[in-house]
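Student:
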């Protein structure tokens, strides 16, 4: 599906990265200069560095000034298993923590992202704690569940029924649901793998929820972005999940929510 265009405030993080890249490149140029360079050449490099740094600083400051502070309180519930909890990474590096920081940088000053991930959680276990988690009264819920069911070879129909129950419960309690699609390794046979993957788009269509086609897209299977178990993302892996998989889906919903509140 085509990704929605990003608002100007979404580009702040990109501008910062570009600025850092430019400064790093210039520093490397200065360090690699031959020892017989004249003082005039060194001075020219220093002047160029200062000029670029000044330009980047002005650009970043301008974009930061353009970010409109959004005071509306927004609660996002991150609901799922160890992929949500952030097993193996620092509590500040899991996706709910990174998402909250990013949203605040985008201007959502009163956003709260609640981490309700539980390692080892199955869809049945999640259904059993729905009454408790919905006490947080989330405006939006990012639901990512099913991986542990698949590892255990639980019947696909049972997994689907549980996810549907969870979605309905959340919707009935006033939360907009974003469903994170999951895929599994081909260790249980192609029929199970295909049937499992088909759960998520079917539920999204039937229950009118927004779908992240594959929650781990761009991260799953990459040893550089996963921990030694090859299952759980690293900090950098979660950063990609937030920026590339969640925000393009979540940002338009937040904008619509704010516009509706203001009208």
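In the working numbering, the protein residues as written are 3 to 265. Cβ atoms here follow ideal geometry from the backbone N, Cα and C, with glycine treated the same way. As the structure is a prediction and not an experimental result, all values here were calculated from the model.
Measuring straight from C-alpha to C-alpha, what distance separates residue 216 and residue 149?
Tutor: Roughly 12 Å separates the two Cα atoms.
Student: Reducing DSSP to helix, strand and coil, say where residue 159 ends up.
Tutor: Residue 159: helix per DSSP, three-state reduction.
Student: Going by other Cβ atoms of all chains shown within 10 Å of its Cβ, with 16 needed for buried, is residue 192 buried or exposed?
Tutor: With fewer than 16 Cβ atoms within 10 Å of its Cβ, residue 192 is classed as exposed.
Student: With the cut-off set at 8 Å, would you say residue 140 and residue 77 are in Cβ contact?
Tutor: In contact: residue 140 and residue 77 (Cβ atoms closer than 8 Å).
Student: Could you name each continuous beta strand (DSSP E) segment of 3 residues or more that falls completely within the region 187-229, going from the start of the chain to the end?
Tutor: Correct list: 212-214.
Student: Taking the runs of the beta strand (DSSP E) that are 3 residues or longer, which of them lie wholly in the region 76-134?
Tutor: As far as the region 76-134 is concerned, its whole beta strand (DSSP E) runs of at least 3 residues are 76-82 and 113-119.
Student: Using three-state DSSP, classify residue 250 as helix, strand or coil.
Tutor: Helix at residue 250.
Student: Using the three-state DSSP reduction, which class does residue 179 fall into: helix, strand or coil?
Tutor: Three-state DSSP puts residue 179 in a strand.
Student: Going by the beta-carbon positions, is the gap between residue 185 and residue 179 smaller than 8 Å?
Tutor: Their beta carbons are not under 8 Å apart, which means residue 185 does not touch residue 179 by this criterion.
Student: Can you give the beta carbon distance from residue 97 to residue 244, rounded, assuming they're within the 8 Å contact cut?
Tutor: So it is a contact: roughly 6 Å between Cβ atoms.
Student: What does the Cβ neighbour count give for residue 71, buried or exposed, with the cut at 16 atoms within 10 Å?
Tutor: Label assigned to residue 71: exposed.
Student: Is DSSP giving residue 138 helix, strand or coil here?
Tutor: Helix at residue 138.
Student: Comparing alpha-carbon positions, which option in 95, 83 and 106 lies nearest residue 131?
Tutor: Considering only alpha carbons, the answer is 83.
Student: Note down the Cα distance separating residue 92 from residue 120, rounded to an integer number of angstroms.
Tutor: If you take the alpha carbons of residue 92 and residue 120, they lie about 15 Å apart.
Student: If you count every other CB in all the chains shown that lies within 10 Å of the CB of residue 230, and 16 or more means buried, which is it?
Tutor: Classification of residue 230: exposed, given that the 10 Å Cβ count is below 16.
Student: Check the DSSP bridge columns for residue 145 and list the partner residues they point to.
Tutor: According to DSSP, residue 145 bridges with 81 and 181.
Student: Label residue 160 either buried or exposed according to how many other C-beta atoms from any shown protein chain fall within 10 Å of its C-beta, with 16 as the threshold for buried.
Tutor: With fewer than 16 Cβ atoms within 10 Å of its Cβ, residue 160 is classed as exposed.
Student: Are the CB atoms of residue 169 and residue 211 within a distance shorter than 8 Å?
Tutor: In contact: residue 211 and residue 169 (Cβ atoms closer than 8 Å).
Student: Can you tell me whether DSSP reads residue 242 as helix, strand or coil?
Tutor: Looking at residue 242 - three-state DSSP - the assignment turns out to be helix.
Student: Assuming residue 205 and residue 251 form a contact by the criterion Cβ under 8 Å, report the distance between their Cβ atoms to the nearest whole angstrom.
Tutor: Not quite, the Cβ-Cβ distance comes to about 15 Å (not below 8 Å), so this is no contact.
Student: Give me the Cα-Cα distance between residue 254 and residue 134, rounded to the nearest whole angstrom.
Tutor: Answer to the nearest angstrom: the Cα atoms are 28 Å apart.
Student: I need the DSSP call for residue 165, collapsed to helix, strand or coil.
Tutor: If DSSP states are grouped into helix, strand and coil, residue 165 belongs with the helices.
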